[in-house]
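**Student:** Residue numbers (the working numbering): 2 to 223.
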């Protein structure tokens with residue numbers, strides 16, 4: 002074999018190695034991109050399920066499901082942050098913010114569902130104490146105060162959680178916009194869905210405010 006042929010063979014081997022390296026790099030980048038898109042899609046599905054639960058799911062089960070989704074997105078976010086994402090910096094940064102916001106929204110959503118149930122139970126207990134309780138009992142007044150304080154404490158926490166949920170929901174369009182050119186549209190929560198999320202929470206807050214107001218009137222001076 003001539004020296005020329007040897008050099009040509011070596012050159013071809015080098016080119017093949019370079020081509021293989023490029024192909025492998027592209028494959029790894031594609032795998033990383035696909036995994037990140039899947040994580041974004043998971044977060045979006047969780048948000049949609051939180052806004053529109055199945056008709057046959059009761060409030061307690063829905064609250065548990067939303068809390069479980071928040072925990073799942075938390076693990077997903079941790080996995081993303083533990084991954085070397087230098088090949089997809091823009092997508093990874095946008096995904097990090099989107100997943101973080103989704104997790105915080107889901108946490109607040111779960112808390113709102115749980116607190117709403119607690120406040121409603123407190124209202125029922127307070128009303129029952131006033132309507133069927135034994136007012137002649139020595140501890141009637143102290144029990145009324147205890148029930149009212151418990152109801153008010155849960156209601157204040159509910160209001161704080163609603164305010165936090167609203168602020169986080171207001172930031173979601175910004176996180177979405179950062180990903181619009183990098184992620185298929187169906188993998189991102191839509192503007193109308195974000196609006197529906199806010200409106201559902203505000204409707205729940207308005208309804209609960211009415212319940213609490215009616216209960217307060219029982220203890221108002223006559």
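Quick reminder that beta carbons are idealized off the backbone N, C-alpha and C, glycines included.
With a threshold of 16 other CB atoms inside 10 Å of the CB of residue 123, please say whether the residue is buried or exposed.
**Tutor:** Classification of residue 123: buried, given that the 10 Å Cβ count is 16 or more.
**Student:** Would you say the segment 189-207 touches the segment 157-174, given that touching needs at least three Cβ pairs under 8 Å?
**Tutor:** Touching, yes, given that three or more Cβ pairs across the two stretches are closer than 8 Å.
**Student:** Look at the alpha carbon of residue 102 and the alpha carbon of residue 147, and state the distance between them as a whole number of angstroms.
**Tutor:** Computed Cα separation, rounded: 37 Å.
**Student:** I'd like the span of the alpha helix (DSSP H) that includes residue 177, first residue to last.
**Tutor:** Start and end: 141-180.
**Student:** Does the beta-carbon of residue 1 have 16 or more other beta-carbons within 10 angstroms, so that it is buried, or is it exposed?
**Tutor:** Given a span of 2 to 223 for the chain in the structure shown, any question on residue 1 remains unanswerable.
**Student:** Would you check if the distance between the CB atom of residue 89 and the CB atom of residue 45 is smaller than 9 Å?
**Tutor:** In this structure, residue 45 does not lie closer than 9 Å to residue 89 by Cβ.
**Student:** Take residue 197 and list the residues in its own chain whose beta-carbon comes closer than 6 Å to its own, dropping the five residues that flank it on each side.
**Tutor:** For residue 197, where only same-chain residues beyond five positions count, the Cβ hits under 6 Å are 52.
**Student:** Pick helix, strand or coil for residue 107, following the three-state DSSP scheme.
**Tutor:** In this structure, residue 107 counts as helix in the three-state DSSP scheme.
**Student:** Mapping the DSSP letters down to three states, classify residue 52 as helix, strand or coil.
**Tutor:** DSSP places residue 52 in helix when its eight states are reduced to three.
**Student:** Under the three-state reduction of DSSP, which class applies to residue 136: helix, strand or coil?
**Tutor:** Three-state DSSP puts residue 136 in coil, outside helix and strand.
**Student:** Which residues mark the beginning and the end of the alpha helix (DSSP H) in which residue 195 is found?
**Tutor:** Per DSSP, residue 195 belongs to the alpha helix (DSSP H) from 192-220.
**Student:** Any idea what DSSP makes of residue 67, helix, strand or coil?
**Tutor:** Residue state, collapsed to three classes: helix.
**Student:** With a CB to CB cut of under 8 Å and the five nearest residues on each side skipped, what residues in its chain are close to residue 75?
**Tutor:** Correct list, in chain order: 104.
**Student:** Since residue 166 contacts residue 119 with CB under 8 Å, what's their CB separation in whole angstroms?
**Tutor:** Wrong, their Cβ atoms sit about 16 Å apart, outside the cutoff.
**Student:** Are residue 113 and residue 175 closer than 9 Å when you measure CB to CB?
**Tutor:** The answer is no: Cβ separation not under 9 Å.
**Student:** Answer with buried or exposed for residue 1, where buried requires no fewer than 16 other C-beta atoms within 10 angstroms of its C-beta.
**Tutor:** A query on residue 1 cannot be resolved here, the shown segment of the chain reaching from 2 to 223 and no further.
**Student:** Buried or exposed for residue 232, going by 16 or more other Cβ atoms inside 10 Å?
**Tutor:** No information on residue 232 is available, as it lies outside the stretch 2 to 223 that the chain covers here.
**Student:** Given that a residue counts as buried once 16 or more other Cβ atoms are within 10 Å of its Cβ, and exposed if not, what is residue 115?
**Tutor:** Residue 115 should be labelled buried.
**Student:** For residue 177, which residues of its own chain have a beta-carbon under 6 Å away from its beta-carbon, when the five flanking residues on both sides are left out?
**Tutor:** Answer for residue 177: 189, listed in chain order.
**Student:** Return helix, strand or coil for residue 183, following the three-state DSSP convention.
**Tutor:** It is coil, neither helix nor strand.
**Student:** Beta-carbon separation of residue 64 and residue 152 under 9 Å?
**Tutor:** Not closer than 9 Å, so no.
**Student:** Measuring CA to CA, which of 136, 85, 70, 133 is closest to residue 32?
**Tutor:** Cα-wise, what sits closest to residue 32 is 85.
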